[in-house]
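A.B. asks: Structure below; questions to follow.
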Amino acid sequence: VRLSHPSLPVLLVTAYADIREAVTAMKDGAVNYLSKPIDLDEFLACVSRAIGATPPTSTPMAREIPSSVVASSPLMQAVLRDAALIACSDTRVLITGESGVGKEVLADLLHLWSARSARPLVKVNCAAIPENLLESELFGHERGAFTGASTQRIGRFEAANGGTLFLDEVAEMTPQLQAKLLRVTQDGRIQRVGSNQDRLTDVRILAATNRSLEEEVREGRFREDLYYRLNVVELNLPPLRERPEDIIPLATHFLEQLTRGKARLSPPTLAALEHYGWPGNVRELRNAMERAALMCGGELVLPEHLPSKIRETAVSSSLADKSRASRLEAIELQAIYDALKHNGFNRTETAKALGISRRGLLYKLHVLRQQGFPVDGEPS
């Protein structure tokens with residue numbers, strides 16, 4: 008179709024929401040990606056936007072990664088490539104991953120690389136707002152809608168009109184709020200609290216969670232229909248322990264920010280950072296660097312400037328490494344002694360058999376002698 012009609016917008020409709028399929032579709036020139044069952048209002052809105060859309064002036068892969076985003080590992084590079092391809096559409100995206108992996112940063116990129124980048128990016132942390140206030144925060148309220156509502160107020164959906172709304176920790180929503188959000192994903196209409204008037208909004212929704220929404224659906228805590236509405240395309244951010252190539256670049260980046268490039272990481276500190284498992288992910292790493300920046304006085308960061316649990320892990324790892332090294336050395340020395348006996352304690356022949364120099368063998372024999380081995384021949 009694209010070969011015959013290069014300027015014709017293509018909209019992909021599929022029964023299977025899969026990131027690889029979505030990426031392939033975007034590479035092949037699709038302007039949007041919808042998964043079945045299709046809502047007619049949503050379909051018509053997508054067609055309308057596709058017809059009125061301005062053709063992109065550059066390919067998605069030409070998107071520049073801001074200097075504030077550090078992604079050295081192959082895993083993160085793959086996520087960013089997928090994000091660049093998906094960003095140019097209005098497809099809803101579900102960003103998943105453990106707490107602290109950088110889901111909000113990825114949402115920033117999806118908005119920055121989209122056609123909506125000149126419009127607002129509004130963020131809502133559903134876990135940080137009290138349950139009884141979240142509905143008003145999202146949808147707004149009319150004057151007198153509830154006790155304390157002395158003035159009319161627009162919600163985050165209206166504030167984000169024409170742009171992007173990022174719903175972080177979406178699994179924290181109550182069933183009532185999930186029902187209202189479902190309607191927005193179906194027809195783009197909202198109602199302020201205390202009003203029966205429908206208001207049309209044009210908002211791209213990005214949702215994020217550190218839970219398994221599939222599990223939440225199975226347990227009856229999250230609506231299945233809303234799950235499929237939000238999870239048109241899923242981007243999963245791997246934990247920091249699965250992308251160790253990012254640890255030192257991220258730590259260096261944070262330290263440069265916090266000390267204006269004055270401080271640097273010592274070799275023992277680098278080793279300590281690499282040995283730690285980072286259960287709190289990138290957020291924990293940044294907090295550790297903030298502490299180190301304060302403790303080091305803007306100079307060399309030593310292990311003592313790191314949080315105690317990171318230092319303790321480094322010490323344990325060092326002891327384990329030494330223990331492994333000792334075991335390997337014992338195995339090596341025993342093998343040398345066995346070769347020496349096999350060759351009748353002839354040092355020249357033993358060195359040849361082991362493939363080492365005579366000088367190297369003499370050093371090993373010195374170590375064996377110190378440990379009580381009869382390297383000059385079996386005692387009579």
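Throughout the sequence shown, residue numbering follows my numbering, covering 8 to 387 in sequence.
Heads up, the beta-carbon is just placed ideally off N, CA and C, and yes, glycines get one too.
Here the structure is a predicted model, which is why all the values come from computation and not from measurement.
#1: Which two residues bound the contiguous alpha helix (DSSP H) that contains residue 187?
#2: If we ignore side chains and look at the alpha-carbon of each, how far apart do residue 174 and residue 79 end up?
#3: Report yes or no: do three or more beta-carbon pairs, one from the region 199-210 and one from the region 146-155, lie closer than 8 Å?
#4: In angstroms, rounded to a whole number, what distance separates the CA positions of residue 225 and residue 167?
#5: Within 10 angstroms of the Cβ of residue 98, are there 16 or more other Cβ atoms? Answer buried if so, exposed if not.
#6: Would you check if the region 126-138 and the region 103-110 touch, i.e. whether three or more CB-CB distances between them fall below 8 Å?
#7: When the Cα atoms are used, what is the spatial distance from residue 163 to residue 250?
#8: Taking the DSSP output, what are the residues bridged to residue 197?
#9: Please name the residue, chosen from 291, 242, 373 and 319, that lies closest to residue 258 on a Cα-to-Cα basis.
#10: Residue 63 to residue 204, Cα distance in whole Å?
#11: Spatial neighbours of residue 367 within its chain, please: CB distance less than 6 Å, with the 5 preceding and 5 following residues excluded, ordered by chain position.
#12: Please report the straight-line C-alpha distance between residue 241 and residue 92, rounded to a whole angstrom.
#13: Just curious, the beta strand (DSSP E) that residue 243 is in, first and last residue?
#14: So what does DSSP say about residue 158, is it helix, strand or coil?
#15: Residue 365 lies in the alpha helix (DSSP H); which residues open and close that run?
#16: What are the boundary residues of the beta strand (DSSP E) that residue 130 is part of?
#17: Would you mind working out which of 371, 315, 255 and 101 sits nearest residue 338, comparing C-alpha positions?
#18: Of all the options 296, 191, 352 and 119, which has the alpha carbon lying nearest to the alpha carbon of residue 308?
#19: Which one of 310, 248, 256 and 254 has the shortest CA to CA distance from residue 273?
#20: Mapping the DSSP letters down to three states, classify residue 146 as helix, strand or coil.
#21: For residue 191, which option in 165, 216, 176 and 83 has the closest C-alpha, if you only look at C-alpha atoms?
#22: Mapping the DSSP letters down to three states, classify residue 254 as helix, strand or coil.
#23: Could you check whether residue 229 and residue 178 sit closer than 8 Å to each other, using their CB atoms as the reference points?
#24: As a quick exercise: from 378, 335 and 383, pick the residue whose alpha carbon is nearest that of residue 352.
#25: Taking the straight line between their C-alpha atoms, what separation do you get for residue 380 and residue 346?
#26: By the 10 Å Cβ neighbour count, where 16 or more other Cβ atoms means buried, how is residue 133 classified, buried or exposed?
#27: Compare the beta carbon distance of residue 171 and residue 121 with 8 Å and say whether it is the shorter of the two.
#28: Exposed or buried, residue 376, counting other C-beta atoms within 10 Å across all chains shown (16 or more means buried)?
#29: Just tell me which of 248, 243, 319 and 268 has its CA closest to the CA of residue 4.
#30: Can you check which of these residues, 157, 335, 70 and 288, is closest to residue 317 by C-alpha distance?
#31: Rounded to whole angstroms, what is the Cα-Cα separation between residue 54 and residue 96?
#32: Going by other Cβ atoms of all chains shown within 10 Å of its Cβ, with 16 needed for buried, is residue 236 buried or exposed?
#33: For residue 90, is the classification buried or exposed, using 16 other Cβ atoms within 10 angstroms of its Cβ as the cut-off for buried?
#34: Alpha carbon to alpha carbon, how far is residue 373 from residue 84?
C.D. replies: Looking at the coordinates:
#1: For the purposes of this step, residue 187 is taken as residue 180 along the sequence shown, with counting starting at 1. Unbroken alpha helix (DSSP H) run through residue 187: 182-194.
#2: By one-based count along the sequence shown, residue 174 stands at place 167. By one-based count along the sequence shown, residue 79 stands at place 72. Between residue 174 and residue 79, the C-alpha separation is close to 27 Å.
#3: Enough Cβ pairs lie closer than 8 Å, so yes.
#4: Taking the first residue of the sequence shown as 1, we reach residue 225 at position 218. Taking the first residue of the sequence shown as 1, we reach residue 167 at position 160. Rounded to the nearest angstrom, the two C-alpha atoms are 32 Å apart.
#5: Here the question's residue 98 lines up with position 91 in the sequence shown. Buried, by the Cβ-count rule.
#6: Counting C-beta pairs closer than 8 Å gives fewer than three between the region 103-110 and the region 126-138, which falls short of the contact rule.
#7: Position 156 of the sequence shown, counted from the start, is the residue given in the question as residue 163. Position 243 of the sequence shown, counted from the start, is the residue given in the question as residue 250. Each residue's CA atom was taken as its position, placing residue 163 and residue 250 some 35 Å apart.
#8: Within the sequence shown, numbered from 1, the residue matching residue 197 stands at position 190. DSSP output for residue 197 lists 206 as bridge partner(s).
#9: Numbered from its first residue, the sequence shown carries residue 258 at position 251. That would be 291, whose Cα lies nearest to the Cα of residue 258.
#10: By 1-based counting over the sequence shown, the position of residue 63 is 56. By 1-based counting over the sequence shown, the position of residue 204 is 197. Residue confidence for residue 63 is low, a pLDDT of 46 falling below 50, so the modelled location carries little weight and cannot support an answer.
#11: Counting from 1 along the sequence shown, the entry for residue 367 is found at position 360. For residue 367, where only same-chain residues beyond five positions count, there are no Cβ hits under 6 Å.
#12: Here the question's residue 241 lines up with position 234 in the sequence shown. Here the question's residue 92 lines up with position 85 in the sequence shown. Cα-Cα distance, rounded: 13 Å.
#13: The residue you call residue 243 lines up with position 236 of the sequence shown. Per DSSP, the continuous beta strand (DSSP E) segment holding residue 243 begins and ends at 240-243.
#14: Within the sequence shown, numbered from 1, the residue matching residue 158 stands at position 151. Looking at residue 158 - three-state DSSP - the assignment turns out to be coil, as it is neither helix nor strand.
#15: Taking the sequence shown and counting its residues from 1, the one referred to as residue 365 is at position 358. 365-377 is the span of the alpha helix (DSSP H), which, as asked, contains residue 365.
#16: To locate residue 130, count along the sequence shown from 1; it is residue 123. Here the beta strand (DSSP E) through residue 130 covers 128-132.
#17: For the purposes of this step, residue 338 is taken as the residue at position 331 of the sequence shown. Comparing Cα positions, the closest option is 371.
#18: Taking the first residue of the sequence shown as position 1, residue 308 is located at position 301. From the listed residues 296, 191, 352 and 119, the smallest Cα separation to residue 308 is found for 296.
#19: Here residue 273 is taken as the residue at index 266 of the sequence shown, counted from 1. It is 310 whose Cα lies nearest to the Cα of residue 273.
#20: Taking the first residue of the sequence shown as position 1, residue 146 is located at position 139. Collapsing the DSSP output to three states places residue 146 in a helix.
#21: Taking the first residue of the sequence shown as 1, we reach residue 191 at position 184. From the listed residues 165, 216, 176 and 83, the smallest Cα separation to residue 191 is found for 165.
#22: Numbered from its first residue, the sequence shown carries residue 254 at position 247. The answer is helix: DSSP assigns residue 254 an H, G or I state.
#23: Against the sequence shown, residue 178 aligns to sequence position 171. Against the sequence shown, residue 229 aligns to sequence position 222. In this structure, residue 178 places its C-beta atom within 8 Å of the C-beta atom of residue 229.
#24: Translated into the one-based positions of the sequence shown, residue 352 becomes position 345. Comparing C-alpha distances from residue 352 to each of 378, 335 and 383 shows the shortest one belongs to 383.
#25: If you number the sequence shown from 1, residue 380 lands on position 373. If you number the sequence shown from 1, residue 346 lands on position 339. Between residue 380 and residue 346, the C-alpha separation is close to 13 Å.
#26: As a working note, residue 133 is residue 126 in the sequence shown. A buried status is given to residue 133, since no fewer than 16 other beta-carbon atoms sit within 10 Å of its beta-carbon.
#27: Position 164 of the sequence shown holds residue 171. Position 114 of the sequence shown holds residue 121. For residue 171 and residue 121, yes; Cβs fall inside 8 Å.
#28: Along the sequence shown, read from residue 1 onward, the residue named residue 376 stands at position 369. It is exposed - the Cβ of residue 376 has fewer than 16 other Cβ atoms within 10 Å.
#29: Look at the range of the chain in this structure, 8 to 387, and you will see that residue 4 is not part of it.
#30: Here residue 317 refers to the residue found at position 310 of the sequence shown. Answer by Cα proximity: 288.
#31: Position 47 of the sequence shown, counted from the first residue, corresponds to residue 54. Position 89 of the sequence shown, counted from the first residue, corresponds to residue 96. Rounded to whole angstroms, the gap between the alpha carbons of residue 54 and residue 96 is 12 Å.
#32: In the sequence shown, counting from the first residue as 1, residue 236 sits at position 229. By the 10 Å Cβ count, residue 236 comes out buried.
#33: Counted from its first residue, the sequence shown places residue 90 at position 83. Its Cβ being crowded by 16 or more others within 10 Å, residue 90 is buried.
#34: For the purposes of this step, residue 373 is taken as residue 366 along the sequence shown, with counting starting at 1. For the purposes of this step, residue 84 is taken as residue 77 along the sequence shown, with counting starting at 1. Cα to Cα, residue 373 sits roughly 51 Å from residue 84.
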